[in-house]
C-alpha cells in the first residue's frame, strides 16, 4: 500500500514546491473540462496541466496534475488543483470498502508527511456516489493550509485541492472550487 501512495505525492509536491509565478487574477471563473480526465471544474483563470510518469511496484503510472495558481491575491487561494491517476485493475477499487479505508488512511498520512504538515481534520465523503475522504493539512509551520477532497471512481484516484495562507483558509472560493467538480458522463 505504501508503494502505491508514493505516486500520489510527486505531482502534488511539485506544484506546491514551485515558486509562485506572477499571474493576473481573472475576475470571472471559467469552466475547465478535461475529456481525458473525465471531469469538469470551475476555476478563477487558466488551468495548466503537468503529467509525470512515476515508476512504482505496479509498473509505470501516469500522474496527471491540473492547476491554477493565483499568487498575490490576499483574500483567496494560492493554488486550485485537480490530480488523478489510473491504477491497474484490482490495485485500488471504489468497490472495496476495506481496501479504500486503508488506502485513504495511508494517503492522508503520506500527504501530510510530504509537506511536513499536520492533519487537523478528516472525514468520510463522497463525490457523485463514489467513496472518498475530505481533509485539511496545515503546513509550513502552520502558515499555510491544504484542503483536499479525494475519491476513487472505478480504479481512478482523484484529488481536488486548494492551497491558501492560514489566515485565508476559510473562503468562499475553496467551497466554490470543490463543489464545482463533476465527473463527466461515461461514454456510451
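In the working numbering, the protein residues as written are 29 to 216.
Just so you know, even glycine gets a beta-carbon here, dropped at the ideal spot from N, CA and C.
Please read all numbers here as calculations on a predicted model, not as lab measurements.
Alpha carbon of residue i to alpha carbon of residue j, nearest angstrom
{"i": "residue 128", "j": "residue 181", "result": "11 Å"}
{"i": "residue 146", "j": "residue 154", "result": "23 Å"}
{"i": "residue 139", "j": "residue 167", "result": "11 Å"}
{"i": "residue 119", "j": "residue 183", "result": "8 Å"}
{"i": "residue 32", "j": "residue 56", "result": "Unreliable placement is indicated for residue 32, whose pLDDT of 45 sits below 50; the coordinate value is still reported in the next sentence. If you take the alpha carbons of residue 32 and residue 56, they lie about 38 Å apart."}
{"i": "residue 88", "j": "residue 205", "result": "30 Å"}
{"i": "residue 133", "j": "residue 142", "result": "14 Å"}
{"i": "residue 75", "j": "residue 125", "result": "33 Å"}
{"i": "residue 210", "j": "residue 148", "result": "26 Å"}
Secondary structure of residue i, DSSP reduced to three states
{"i": "residue 123", "result": "coil"}
{"i": "residue 202", "result": "helix"}
{"i": "residue 94", "result": "strand"}
{"i": "residue 194", "result": "helix"}
{"i": "residue 106", "result": "coil"}
{"i": "residue 69", "result": "strand"}
{"i": "residue 128", "result": "helix"}
{"i": "residue 136", "result": "helix"}
Cβ distance (whole Å) where residue i is taken to contact residue j below 8 Å
{"i": "residue 191", "j": "residue 105", "result": "6 Å"}
{"i": "residue 212", "j": "residue 66", "result": "5 Å"}
{"i": "residue 193", "j": "residue 208", "result": "In fact, because the Cβ distance is near 22 Å, the residues do not count as touching under 8 Å."}
{"i": "residue 136", "j": "residue 164", "result": "Contact doesn't hold; Cβ gap of about 10 Å is too wide."}
Terminal residues of the beta strand (DSSP E) in which residue i lies
{"i": "residue 172", "result": "172-181"}
{"i": "residue 209", "result": "Counting along the chain, residue 209 falls outside any beta strand (DSSP E), and DSSP gives it neither H nor E."}
{"i": "residue 169", "result": "Residue 169 -> no beta strand (DSSP E), and no H or E assigned at all."}
{"i": "residue 59", "result": "58-62"}
{"i": "residue 150", "result": "146-155"}
{"i": "residue 143", "result": "Careful: residue 143 lies outside any beta strand (DSSP E) and carries neither H nor E."}
Residue nearest to residue i in terms of C-alpha spacing, selected from the options
{"i": "residue 96", "options": "194, 71, 119 and 84", "result": "71"}
{"i": "residue 122", "options": "131, 159 and 87", "result": "159"}
{"i": "residue 169", "options": "94, 144 and 132", "result": "144"}
{"i": "residue 203", "options": "94, 90 and 175", "result": "175"}
{"i": "residue 111", "options": "149, 157 and 62", "result": "62"}
{"i": "residue 82", "options": "126, 93 and 149", "result": "93"}
{"i": "residue 215", "options": "59, 64, 186 and 108", "result": "64"}
{"i": "residue 116", "options": "206, 107 and 185", "result": "185"}
{"i": "residue 108", "options": "150, 149, 210 and 69", "result": "69"}
Residue i CB to nearest heavy atom of the ligand MN below 7 Å
{"i": "residue 159", "result": "Although the ligand MN was asked about, the structure shown includes no ligands whatsoever."}
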